[in-house]
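What follows is a set of notes on a single structure, which appears directly below.
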Amino acid sequence: MNRRNFLGILPAIPSINHLEFAKPPGPMVISTWDFGKVANNQSWKVLSAGGSSLDAVEKGINIIEEDENNQTVGIGGLPDREGHVTLDACIMDHESNCGSVMGLENIVNVISVARKVMEKTPHVILVGDGALQFAVDQGFKKVNLLTPKSEKAWREWLKTSKYEPKMNIENQLYKKDPMPGGPDNHDTIGLIAMDAKGNISGGCSTSGMAYKMRGRVGDSPVIGAGLFVDNEVGAATSTGVGEEVIRCVGSHLVVELMRQGYTPEDACKEAVMRIVKKSPAKSKNIQVGFLALNRKGEYGAYALQKGFSYAVKTSNADIVIPGKYYYQ
Ligand code: ASP
């Protein structure tokens, strides 16, 4: 008890000693959903060759962005209610550098554009037309992101035009081919990598909520909400209804809780509980999941609902794990 907390003014400043280690735990990568397995394997090519966690994050996410069958990320993503596929992504490295793009159209690898924002501009976020102009200047190719499959789904949706986030309760866990995700209409690839040096980077990429309002941006490209990395502590990422994640600055919250001694799973659970507390009625019918990794190489996740899964790859594991959840 020191004078400050004796007076009841401030809580004791938490120590981060519990997160110190003599030697990095070895490279590893974790990511959201079953399709994270595909991303992890791509990241692993970088990590196992001694590459950086930042390169691993970009390469892992790129492969999901390029998969036309995945209707929640990159090309093939479900459009907004006016038929535009608008993508959000962000990236953060072990030195707390970060970059983000929001509402970017006609570019497949938006995580790579976010990285360019981080590395080539004095800014953190570029949005919409400005982000597109920057991407084209950087040599990214413009393509039509609306695939016939997603256009068909959107035209079908137009008949009722009811905005309704769908949960991924019955996901495709344990299916042989983990692509292309479940029957829901929103997901994100959130991926966290640790390299051989113990440096942590993370990224997320999404087409956001299907049939969202034009201009809507969720948590995924918002540093602190959809992703946060602090190399002293660890990193966290989220998936699910972004509005709820932004309201509790979820990923930053998870990292700060780990700093105070929470395990990754307990930190994710506490963030989920904040959502339950703030939105008791709404939280029953939506999905949000958090995923975290600490410096020691411990990982964990927690979600509002059944159906959230995450993929883990280390030198001796390549697995998809069902996330624990609150509403039984
Ligand atoms: N978090 C994303 C968003 O709100 C969607 C998701 O991950 O399900 O845009």
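Counting along the sequence shown from 1, when you hit position 251 you're at 250 in numbering that gives the first Met the number 0, and nothing is skipped either side.
Where a beta carbon is used, it is the ideal one built from N, C-alpha and C, also for glycine.
Beta strand (DSSP E) segment containing residue i, residue limits
i, result
"P321", "316-321"
"C267", "Careful: C267 lies outside any beta strand (DSSP E), inside the alpha helix (DSSP H) at 263-277."
"K312", "308-313"
"S30", "27-31"
Nearest-angstrom Cα separation, counted from residue j out to residue i
i, j, result
"D66", "A266", "32 Å"
"Q41", "I63", "10 Å"
"V244", "G138", "33 Å"
"K70", "R294", "Looking at the sequence itself, residue 70 is Gln, so the reference to Lys does not match. Spanning the two alpha carbons is a distance of roughly 33 Å."
"F227", "N143", "30 Å"
"G50", "T159", "48 Å"
"I106", "V135", "9 Å"
"S95", "S204", "18 Å"
"R154", "G82", "9 Å"
"S149", "L77", "5 Å"
"A113", "L252", "23 Å"
"P321", "P24", "23 Å"
"R273", "S219", "18 Å"
"N301", "K323", "Note that residue 301 corresponds to Tyr in the displayed sequence, not to Asn. Cα-Cα distance, rounded: 5 Å."
"V240", "N39", "23 Å"
"G296", "Q327", "29 Å"
Bounding residues of the alpha helix (DSSP H) (the contiguous stretch that carries residue i)
i, result
"T129", "The question names Thr, but residue 129 is Gly in the sequence shown. From DSSP, the alpha helix (DSSP H) with G129 extends over 127-136."
"G260", "Taken as a continuous stretch (DSSP letters only), G260 belongs to no alpha helix (DSSP H), as it is neither H nor E."
"I90", "Counting along the chain, I90 falls outside any alpha helix (DSSP H), though it belongs to the beta strand (DSSP E) covering 86-91."
"A38", "35-47"
"S51", "S51 -> no alpha helix (DSSP H), and no H or E assigned at all."
Contacting residues, own chain, Cβ-Cβ under 7 Å from residue i (five flanking each side not counted)
i, result
"Y325", "V271, V275, L303"
"Y261", "E269"
"T146", "E67, I74, G75"
"C366", "Past the edges of the chain, shown from 0 to 327, lies residue 366, and the structure says nothing about it."
"Y298", "I29, P263, A291, L292, V311"
"W156", "Y210"
"R246", "K277"
Cutoff 6 Å; reference residue i; Cβ partners in own chain excluding five residues on either side
i, result
"A130", "V100, L103"
"L86", "L103, V109, S206"
"K44", "none"
"M257", "V232, G233, A266, N293"
Cβ separation of residue i and residue j, assumed to be a contact under 8 Å, to the nearest whole Å
i, j, result
"R215", "D79", "7 Å"
"V221", "V254", "In fact, because the Cβ distance is near 14 Å, the residues do not count as touching under 8 Å."
"N198", "S52", "5 Å"
"V72", "D186", "7 Å"
"M208", "G217", "6 Å"
"S237", "G288", "7 Å"
For residue i, the three-state DSSP class (helix, strand or coil)
i, result
"L157", "helix"
"I106", "coil"
"L292", "strand"
"M193", "strand"
"L145", "coil"
"D229", "strand"
"V244", "helix"
"A209", "coil"
"A300", "strand"
"V116", "helix"
"V253", "helix"
"S219", "coil"
"V100", "strand"
"G201", "strand"
"I124", "strand"
"G73", "coil"
"A152", "helix"
"I285", "coil"
"G59", "helix"
"S237", "strand"
Residues of its chain near residue i, where Cβ-Cβ distance is below 8 Å and the 5 sequence neighbours each way are ignored
i, result
"M166", "D183, N284, I285, Q286, Q304, G306"
"P121", "none"
"S47", "P26, S314"
"H93", "S52, L53, N198, I199, S200, V228, N230"
"V248", "G223, A224"
"K151", "none"
"S111", "E57, N61, F139"
Chain D within 8 Å of residue i, Cβ atoms only
i, result
"A55", "Considering every chain present, this structure includes no chain D. It has just one protein chain."
Heavy atom of the ligand GTP within 7 Å of residue i beta-carbon
i, result
"S219", "No copy of the ligand GTP appears in this structure; the ligands present are the ligand ASP."
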